[in-house]
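Notes to accompany the following structure.
Residue numbers (this note's numbering): 8 to 108.
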């Protein structure tokens, strides 16, 4: 247990410039992705008009946000502020779960 805690603690200290205080979530009722910045105590809609977003994933190193529209099977990426929205992939089926590497 001590090793796991120490590794986590060191990793947190090694990367203080990452978006560690931001929380992103998908809101099906508003068809949007929202960002909450704990440091500023502010939230803002990052992107909207999404057809049933299923998952939101963050690539902290490259400062990108990824999401998929379940019914369309379309994967998107954008900058963390929602700018530069791009279609990454169009799947041939509905998608409910995905991961990024």
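Heads up, the beta-carbon is just placed ideally off N, CA and C, and yes, glycines get one too.
Cα atoms of residue 104 and residue 60: separation of roughly 11 Å, rounded to the nearest angstrom. By the beta-carbon neighbour count (other beta carbons within 10 angstroms, threshold 16), residue 74 is buried. Residue 31 and residue 72 have their C-alpha atoms roughly 9 Å apart.
By alpha-carbon distance to residue 36, the top candidate from 49, 56 and 93 is 56. Between residue 44 and residue 29, the C-beta gap is smaller than 7 Å, which places the two residues in contact.
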